[in-house]
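Contents: one structure, followed by commentary.
In full-length UniProt numbering, the protein residues as written are 1 to 140.
Here it is in structure tokens:
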């Protein structure tokens, strides 16, 4: 299995990201769950069944207005545990990413990676690139 250099660089930069912890967690989780960024940014702890490793996104947050159930990999469960230790037990997984000002800033400026210079990425672009890479790998 071969990953193109651009995708490899992006995944490495995300892994080495040292900025705001919530952004790092969000990007790592998106690499596994493949949901739209709005679904992840609005995720609530009550939507996760850690025993069954499932995430049920309510219909009102889904584009097609139907509930969506996603399997959650053990790596995501580990990330969620670390995230809870970082952000606490409030309603949302990402309370700092839920504000409109934060969302606007992320979309307008991209994300600053501390070790690799400017990493031009937004959450939905990241998901698109990873999905495309998986399709390419499956065709090889």
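C-beta atoms are modelled at their ideal positions from N, C-alpha and C, and glycine is treated no differently.
Rounded C-alpha distance that separates residue 47 from residue 13: Roughly 29 Å separates the two Cα atoms.
Buried or exposed (CB count within 10 angstroms, at least 16 for buried), residue 25: By the C-beta density criterion, residue 25 is buried, having at least 16 other C-beta atoms within 10 angstroms.
Residue 24 beta carbon near the ligand SAM (any heavy atom closer than 6 Å): The ligand SAM is absent from the structure shown, which contains no ligands of any kind.
For residue 4 and residue 144, the rounded distance between their alpha carbons: Outside the displayed span of the chain (1 to 140) sits residue 144, for which this structure offers no information.
Assigned exposure category for residue 61 - 16 Cβ within 10 Å defines buried: Buried: at least 16 other Cβ atoms inside 10 Å.
Enclosing alpha helix (DSSP H) for residue 13 [first to last residue]: Looking at the DSSP string, the run of the alpha helix (DSSP H) that includes residue 13 is 5 to 16.
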